[in-house]
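Chemist: Under this note's numbering, residues 3 to 577 are what the sequence shown spells out, in order.
No residue lacks a Cβ here, since even glycine has one placed at the ideal position from N, Cα and C.
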Amino acid sequence: MKISPLAGKPAPASMLVNVPKLVTAYYSEQPDPSVPAQRVAFGTSGHRGSAFDKAFNEWHILAISQAICLYRKLHLIDGPLFLGIDTHALSVPALASALEVLAANGVEVMLAEGDEYTPTPVISHAILTYNHGRKIGLADGVVITPSHNPPHDGGFKYNPPSGGPANGDVTDWIQAKANEFLEAKLQGVKRISVDKALQASTTHRHDYLNTYVADLANVVDMDAIRGAKLRIGVDPLGGAGVHYWGPIAQRYGLNLTVVNEVVDPTFSFMTVDWDGQIRMDPSSIYAMQRLIAMKDRFDLSFACDTDHDRHGIVTKSAGLLPPNHYLSVAIFYLFQHRPKWRKEAAVGKTVVSSQMIDRVTAKLGRKLYEVPVGFKWFVDGLLNGSLGFGGEESAGASFSRLDGTVWTTDKDGIVPALLAAEITARMSRDPGEIYQELTREFGEPAYDRVEAPATADQKALLAKLSPQQVKITELAGEKIQTILTVAPGNGAPIGGLKVAAESGWFAARPSGTENIYKIYAESFQGVDQLGRILKEAQTIVSGALTANPVRAQNKGHQEPSIPSADSKHSQASGR
């Protein structure tokens, strides 16, 4: 399938979700647990789905919430549970359902003052702040968000006391228990009315916004940003941080303009993404057309996705920076401008992120910690300080405070955005200009990602790819150096395959949240070699899926297999 003719254009009224019908479906439709697509399924970022598909309905949230209560009891987690929501239409109904169960189970719940929306990193920050210095009575959290997914989706993710995404052992247990409740038609789920839950002695209000905003000066040099008098533009994309940016500007004296403060569950103000859907993806050139068009109004501008755990950086020099470009610049800058960080603090990246990061890290004399896709793999390192930075090619990152201690263990879209302003202020040039300097030293990579539909069976086959299935000895004319099925940093399975030669590589893996597979590829010899790498990768993948071979579609170009010259600027994000 080619790029939608609507991509990059304002969303037509016919595309907008019918919110009353969606919320009605949430309450009226009941999932059938004998249908795999209607069961609780935690991917790399929690359980997601649409009420229209019976994949995110009241029963799912009641079952997951009760499972979390049992998990907390089993593991003696009896501190407060920090609960936040984003601006998707299903988030408010899901909050009511979750609160009914949490209150019935006697969980101390922390809701936002004034029913404010709460970004994912703010929940992580609250958990870690509360747990600091404690050994018992630890807090955990829930964020109700499907991230940047389309308006008809809902999402629900659990963060344990470590503050970041739960690891597989935790989510597998919660998922299995929740599905048991679905199969038992919710027998065993405790529940009280939402009115009683709101009035319960265990339900409290917490000032998430001011607590988080007041602490930002301990992770980003806000004085430098203020002193440079940068003109900054911000588009919250109608997301959970929409009311955070004004207080940030006011508290720190920044010349910051929020270009759109509208909260609309249909997200009618968005331009359409590459595939013809509305998606609040700050790394997509299609979804970001409105802010890109404003780039000359500001010295720097940025956006975050719906739960504000991903960033998009727009510079005067280069427009929207692909995530890998900005991650490379952020790493290059941070490890030279954070003198209190531990000398042994490493750089964390996922196996599908650019090798530019590897080259920058080697130049800095730092250790590289390469892990599978999923921010959960960075949690322990960020928590104990062995990682100074953790970042994903999908525009998710977090890094240590100025003093080297932990900031958040979940992705934070706000601080990387503010860091871009700090970099511009202190380096007197924007991140786009600095990236070009890096390419002159390390080479200029061409990077792309393609994807195609895949059934659950096909995804399972792809996840079990082995080195023996790679029959070729060369990749785009170069001798293959490594074939990986586990990540070099931690030895964890990557859920697919990565093949690398001297100047290029590809990785293939199934999505953790969608019925698609993805091929990531990069070449330091240009787009022609990148095209050859993608073709050879697709041959290997099709061979593994011989029962139902499928052809990948390129998210950034008209032709699905051969990238165009600007392929490295067309990275769409998400998983």
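With phenylalanine 44 and threonine 173 assumed to form a contact (beta carbons below 8 Å), what rounded beta-carbon distance in angstroms separates them?
Modeler: 4 Å
Chemist: For a test of the three-state rule: what should DSSP assign to threonine 457, helix, strand or coil?
Modeler: coil
Chemist: Using the three-state DSSP reduction, which class does proline 7 fall into: helix, strand or coil?
Modeler: coil
Chemist: Along the chain, where does the beta strand (DSSP E) that runs through glycine 434 open and close?
Modeler: No beta strand (DSSP E) holds glycine 434; the alpha helix (DSSP H) holding it covers 433-444.
Chemist: Determine the direct distance from the alpha carbon of aspartate 412 to that of glycine 393, and round the result to whole angstroms.
Modeler: 10 Å
Chemist: How big is the Cα-Cα spacing for lysine 351 and methionine 282?
Modeler: 23 Å
Chemist: Answer yes or no: do lysine 378 and asparagine 133 have a C-beta to C-beta separation smaller than 8 Å?
Modeler: no
Chemist: What does the alpha-carbon distance come out to for the pair leucine 232 and leucine 256?
Modeler: 8 Å
Chemist: Ignoring anything shorter than 4 residues, give me the alpha helix (DSSP H) runs that lie fully in the segment 225-284, in order along the chain.
Modeler: 247-254
Chemist: Could you check the C-alpha separation between alanine 226 and phenylalanine 380 for me, to the nearest Å?
Modeler: 28 Å
Chemist: Quick one: grab the DSSP three-state call for arginine 299.
Modeler: helix
Chemist: Do you know whose CA, among Tyr73, Gly10, Pro267, Gly165, lies nearest lysine 179's CA?
Modeler: Tyr73
Chemist: Report the three-state DSSP secondary structure of tryptophan 507 (helix, strand or coil).
Modeler: Tryptophan 507 sits in a strand when the DSSP states are folded into three classes.
Chemist: State the beta-bridge partners of glutamate 394 as determined by DSSP.
Modeler: Gly398
Chemist: If you run the structure through DSSP and keep just helix, strand and coil, what is phenylalanine 304?
Modeler: strand
Chemist: Kindly indicate which residue of Ile485, Thr131, Ala57, Leu64 has the alpha-carbon position closest to the one of leucine 188.
Modeler: Leu64
Chemist: Can you list, in chain order, the residues of its chain with a C-beta nearer than 8 Å to that of isoleucine 482? Leave out the 5 residues immediately preceding and following it.
Modeler: Around isoleucine 482: Val472, Ile474, Thr475, Glu476, Val501, Ala502, Ala503.
Chemist: Could you check the C-alpha separation between lysine 342 and glycine 406 for me, to the nearest Å?
Modeler: The straight-line gap from Cα to Cα measures roughly 6 Å.
Chemist: Mind checking histidine 206: buried by the 16 CB within 10 Å criterion, or exposed?
Modeler: exposed
Chemist: Give a yes or no on whether the C-beta atoms belonging to tyrosine 519 and leucine 464 are separated by under 8 Å.
Modeler: yes
Chemist: Cutting at 8 Å between CB atoms, please list the residues of its own chain near glutamate 435, excluding the five before and the five after it.
Modeler: Thr317, Ser319, Ala320
Chemist: On the three-state DSSP scale, how would you describe arginine 340?
Modeler: coil
Chemist: Sorted by chain position, which residues of the same chain lie with C-beta nearer than 6 Å to threonine 122's C-beta, five sequence neighbours on each side aside?
Modeler: Val145, Asp309, Asp311, Asp412
Chemist: Where does threonine 484 land, buried or exposed, given buried means 16+ other C-beta within 10 angstroms?
Modeler: Under this definition threonine 484 is an exposed residue.
Chemist: Taking one C-beta from the segment 524-544 and one from the segment 505-512 each time, how about it: are there three or more such pairs within less than 8 Å?
Modeler: The segment 524-544, when compared against the segment 505-512, does touch it at the 8 Å Cβ threshold.
Chemist: Please tell me whether leucine 370 and valine 349 are closer than 8 Å, where the distance is taken between their beta carbons.
Modeler: yes
Chemist: Closest to leucine 258 by C-alpha separation, out of Ala230, Met272, Gly241, would be which residue?
Modeler: The shortest C-alpha separation from leucine 258 is found at Ala230.
Chemist: Helix, strand or coil: how does DSSP classify methionine 290 here?
Modeler: coil
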